[in-house]
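Q: I'd like to ask some things about the structure below.
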Ligand code: 5GP
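Residue numbers (the numbering used here): 12 to 175.
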């Protein structure tokens, strides 16, 4: 695994404590942690416990891949968190990595219209990212192996679409 950034589950645990400590030391006290599925769910869970935040929300964002075609931009998939859930709250957006940063930019811009304050926390941020996250555990430009996706699924599933 030369030229790869390898995150193990054990190291991920350390990363969550350190990232949470940085957020606490900075004095940011989010009311809500908004995870970007699926990788962000692990991060939101870890930060939720470490920061003692129980209010966790999920947002589904995907780079749409058509038949032999990839869109340039990520899209939000339903259910999209509504303004009532988010309204006038301090939000922490949690994700695994800001790579191009397009996913986080989409969510950040969506939140900025609805909430009092929004900041972002990621395990990794790459130098090309078009958003600069407030909280980053580690910077790298290598491809990252995450512990939850480094192995193939135990079953093969075809033709899945997200719930509307
Ligand atoms: P974006 O390019 O919008 O910042 O990242 C979109 C998503 O692509 C990330 O949330 C992550 O799921 C996936 N991704 C981007 N870079 C990497 C990487 O280095 N390793 C892995 N495993 N996934 C990545």
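Even for Gly, the Cβ is constructed at its ideal location relative to N, Cα and C.
Here the structure is a predicted model, which means the values were calculated and not measured.
Does the beta-carbon of residue 50, which I'm using as the reference point, lie nearer than 7 Å to any heavy atom of the ligand 5GP?
A: Stepping through the chain shown from its first residue, residue 50 is reached at position 39. Checking every heavy atom of the ligand 5GP against the Cβ of residue 50, one is found closer than 7 Å.
Q: Under the three-state reduction of DSSP, which class applies to residue 193: helix, strand or coil?
A: Absent from the model: residue 193. The displayed extent of the chain is 12 to 175, so no value can be given.
Q: Within the present structure, is the beta-carbon of residue 148 separated from the nearest heavy atom of the ligand 5GP by less than 7 Å?
A: Within the chain shown, the letter at position 137 stands for residue 148. Every heavy atom of the ligand 5GP is 7 Å or more from the Cβ of residue 148, so no.
Q: Taking only the alpha-carbon atoms, compute the straight-line gap between residue 40 and residue 32 and give it to the nearest angstrom.
A: Counting from 1 along the chain shown, the entry for residue 40 is found at position 29. Counting from 1 along the chain shown, the entry for residue 32 is found at position 21. If you take the alpha carbons of residue 40 and residue 32, they lie about 12 Å apart.
Q: Could you tell me how far apart the beta carbons of residue 105 and residue 45 are, in whole angstroms, since I believe they sit closer than 8 Å?
A: Here the question's residue 105 lines up with position 94 in the chain shown. Here the question's residue 45 lines up with position 34 in the chain shown. Indeed they touch by this definition, with Cβ atoms about 7 Å apart.
Q: Examine the ligand FAD and report whether any of its heavy atoms sits within less than 7 Å of the Cβ of residue 85.
A: The ligand FAD is absent from the structure shown, which contains only the ligand 5GP.
Q: May I ask you to check if the CB of residue 107 is nearer than 7 Å to at least one heavy atom of the ligand 5GP?
A: Here residue 107 refers to the residue found at position 96 of the chain shown. The answer is yes for residue 107.
Q: Answer yes if the region 41–60 comes into contact with the region 18–31, meaning at least three C-beta pairs across the two stretches below 8 Å, and no otherwise.
A: Contact between the region 18–31 and the region 41–60 is present, because at least three Cβ pairs lie under 8 Å.
Q: Please report the residue range of the alpha helix (DSSP H) in which residue 102 lies.
A: Here residue 102 corresponds to residue number 91 of the chain shown, with the count starting at 1. Here residue 102 belongs to no alpha helix (DSSP H); instead the beta strand (DSSP E) covers 101–109.
Q: Is residue 41 close to the ligand 5GP? I mean its beta-carbon at under 7 Å from any heavy atom of the ligand.
A: By 1-based counting over the chain shown, the position of residue 41 is 30. Incorrect: residue 41 has no Cβ contact closer than 7 Å to the ligand 5GP.
Q: With a cut-off of 8 Å on the beta carbons, I'd call residue 132 and residue 34 a contact; round off their distance for me.
A: Translated into positions along the chain shown, residue 132 becomes position 121. Translated into positions along the chain shown, residue 34 becomes position 23. 6 Å between Cβ atoms; contact.
Q: Is residue 92 near the ligand 5GP, going by C-beta to nearest heavy atom under 7 Å?
A: The residue given as residue 92 occupies position 81 in the chain shown. No, the ligand 5GP has no heavy atom inside 7 Å of this Cβ.
Q: Specify the secondary structure class of residue 149 as computed by DSSP and reduced to three states.
A: The residue given as residue 149 occupies position 138 in the chain shown. Of the three classes helix, strand and coil, the one that applies to residue 149 here is strand, per DSSP.
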